[in-house]
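Structure first, then comments.
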Amino acid sequence: MSDQENFNLDEVISGDRKIEYVDKLELLREKVNSKGVLSSRSNKKELIEIVENLIDLMPVELRTARWLVREQDTYLNKAREEANEILSIAKVESDRLIADSYVLQEAVIEANALIKKAEDEAQAYRAQIEDEIDLKLTEVLNKFEQINNFIETEKKRLRQPRKIIEPE
């Protein structure tokens, strides 16, 4: 490790020691703030030279970190785009499923209404048939009673002694 890289952070914070990189940045700020900074070609060359020196002074880790931050931003932007695309697809699918769900709910409600109506009609039809059967059974019973009465009457008549009529 070079002497430049091996410094005490407390010295930098207290201002006893400045980092060369920060010094170059302060110089660049002063140049940019001065009037007519880009008025001549030599000033432009000086600024470019300061920037190149700054880049050269940057530790490899800092340049790598800068590259990593750019890559991270690119990756995050791509991930955001993919996430937004996934969300939009999910929303479309969700809307479709909700619509299908409403259709299904309406179909279930309609089916239940039809089933209820069919059950009511079947119950009414059964009651009507039972009433008709009861009526027919009553008629049959009446006929049996009539036949039974007729048979009883005829039995009694047959059991009575015959009256013999004498000739005159």
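In our numbering, each number is its position in the sequence shown, counted from 1, plus 235.
Using N, Cα and C, we set each Cβ at its ideal position, and we do this for glycine too.
{"Check": "Measure the beta-carbon distance from L411 to K266 and round it to whole angstroms, keeping in mind my assumption that it falls under 8 Å.", "Outcome": "Missing from the structure shown is residue 411; the chain here goes from 236 to 403 and no further."}
{"Check": "Can you tell me the Cα-Cα spacing of L311 and W302, whole angstroms?", "Outcome": "14 Å"}
{"Check": "May I have the straight-line CA-CA distance separating A359 from A348, to the nearest angstrom?", "Outcome": "16 Å"}
{"Check": "Tell me the rounded alpha-carbon separation between V330 and V338.", "Outcome": "Val is not the amino acid found at residue 330; the sequence shown has Asp there. One C-alpha to the other measures close to 12 Å."}
{"Check": "Does the separation of the CB atoms of I285 and L262 fall below 8 Å?", "Outcome": "yes"}
{"Check": "CA-CA distance, I333 and K371?", "Outcome": "56 Å"}
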